[in-house]
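Inspection log for the structure reproduced underneath, given as structure tokens.
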Amino acid sequence: MNKFLLITFVVLFIFCSPHRPRPVSDAAIPVAGERLSLSPLISEASLEDMPEWPADPVQQKVLLEKFNEIWKKLLSEFKRCEKYGLYTMVDDKDAPTVRISIVITSARLENDTLYMPVRLQAERLSDDKRYIYTLPVFATLTSKNKTKQPFHYYGHLLSDYSRNFPYTILVSFFYQH
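Residue numbers (my numbering): 748 to 924.
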């Protein structure tokens with residue numbers, strides 16, 4: 748009986764004691780009340796230098812369209828998180844106070860893995876403060892998707908790159924953790 752009472756008091760003490768709030772760190776890029784503008788995706792990577800990159804301009808256009816899809820998904824992620832009221836997304840012509848650009852810095856193919864790191868650059872125009880963060884992003888080709896045709900090979904790699912792209916991580920730089 749005494750053991751039961753002791754266990755009951757310990758459990759009640761643990762569950763009824765005031766919980767300490769977790770410490771919240773500041774946002775890596777403070778944008779409270781700011782007007783954000785997301786520039787189109789920039790690529791400093793020279794994909795033309797990749798081994799067996801398709802020479803046909805029509806095929807290149809189809810492959811490079813994947814980057815437009817990535818930019819659209821990233822913009823929709825910023826707009827989805829806009830509803831929390833921290834910032835407002837605007838076009839570049841609507842006088843933004845923070846300009847955001849996403850740059851694909853390089854492209855390297857090793858075996859069946861495509862490495863294309865991403866650099867997030869945010870510039871607060873009011874005080875000319877700049878924030879720069881780089882994230883590794885890669886794409887891998889599974890054995891079931893292997894193909895001998897370079898167009899399909901790079902199509903599968905860029906599709907996987909789009910799936911692995913850190914949309915939510917890039918947006919999280921603007922929120923407290």
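In this text, a Cβ means the ideal position worked out from N, Cα and C, and glycines have one as well.
#1: Would you check if the segment 817-824 and the segment 878-888 touch, i.e. whether three or more CB-CB distances between them fall below 8 Å?
#2: Please report the residue range of the beta strand (DSSP E) in which serine 784 lies.
#3: Any idea which residues DSSP pairs isoleucine 776 with across the strands?
#4: Would you please state the rounded distance, in angstroms, between the beta carbons of isoleucine 847 and leucine 788? I believe it to be under 8 Å.
#5: Would you check if there are 3 or more beta carbon pairs closer than 8 Å linking the segment 893-911 to the segment 788-804?
#6: From the DSSP output, in three-state form, read off tyrosine 862 for me.
#7: Quick one: complete alpha helix (DSSP H) runs, 4+ long, within the segment 796-841?
#8: Taking buried to mean at least 16 other C-beta atoms within 10 Å of its own C-beta, is isoleucine 754 buried or exposed?
#9: Excluding five sequence neighbours on each side, which residues of the same chain lie with their C-beta closer than 6 Å to the C-beta of leucine 888?
#10: Do proline 913 and valine 850 come within 8 Å of each other at the CB atom, strictly closer than that value?
#11: For the beta strand (DSSP E) containing tyrosine 878, name the first residue and the last one.
A quick look at the data gives this:
#1: Two segments are said to touch when three or more pairs of C-beta atoms, one from each, lie closer than 8 Å; by this definition the segment 878-888 does not touch the segment 817-824.
#2: Here the beta strand (DSSP E) through serine 784 covers 781-785.
#3: Residue pairing by DSSP places isoleucine 776 opposite no residue, since no beta bridge is assigned to it.
#4: Rounded to whole angstroms, the Cβ separation of isoleucine 847 and leucine 788 is 11 Å, and the two are not in contact under 8 Å.
#5: Touching, per the Cβ criterion.
#6: Strand.
#7: Qualifying alpha helix (DSSP H) stretches, in chain order: 804-829.
#8: Answer is exposed; the Cβ neighbour count stays below 16.
#9: Asp859, His903 and Leu904.
#10: Their beta carbons are not under 8 Å apart, which means valine 850 does not touch proline 913 by this criterion.
#11: 876-882 is the extent of the beta strand (DSSP E) around tyrosine 878.
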